[in-house]
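Residue numbers (UniProt numbering): 1 to 66.
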């Protein structure tokens, strides 16, 4: 079975952002950012695209299944 993978925490910390700051920038909740980073939640496509766009990366560079 394939599992959701992400390097969101790495990207966020490299930018020097807290979960709160990123949540504000991509218009979602801090809880959602934390749950995505812990692989407890797969966000909506809209949120995934906003996160990828913020980091100027293709979605598949930030989120993927393995």
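Even glycine gets a Cβ: it sits at the ideal position worked out from N, Cα and C. No experiment lies behind these values; they were computed from the predicted model shown.
Please report the distance separating the alpha-carbon of residue 47 from that of residue 27.
Locating residue 47 in the chain shown gives position 47, where the first residue counts as 1. Locating residue 27 in the chain shown gives position 27, where the first residue counts as 1. Their backbone Cα atoms lie some 8 Å apart in a straight line.
Does DSSP put residue 55 in a helix, in a strand, or in coil?
Reading the chain shown from its first residue, position 55 is the one you call residue 55. DSSP places residue 55 in coil when its eight states are reduced to three.
Endpoints, alpha helix (DSSP H) assigned at residue 40
Here residue 40 is taken as the residue at index 40 of the chain shown, counted from 1. Looking at the DSSP string, residue 40 is not in any alpha helix (DSSP H), and its letter there is neither H nor E.
Terminal residues of the alpha helix (DSSP H) in which residue 13 lies
Here the question's residue 13 lines up with position 13 in the chain shown. From DSSP, the alpha helix (DSSP H) with residue 13 extends over 8-14.
Have a look at the DSSP bridge pairing and note the partners of residue 65.
On the chain shown, residue 65 is found 65 positions in, with the first residue counted as 1. Answer by DSSP bridge pairing, in chain order: 4.
For residue 25, which of 38, 59, 52, 10 has the nearest alpha-carbon?
Counting from one through the chain shown, the residue named residue 25 turns up at place 25. With distances taken between CA atoms, residue 25 lies nearest to 52 out of 38, 59, 52, 10.
Assuming residue 17 is part of the alpha helix (DSSP H), what are its boundary residues?
Here residue 17 is taken as the residue at index 17 of the chain shown, counted from 1. Careful: residue 17 lies outside any alpha helix (DSSP H) and carries neither H nor E.
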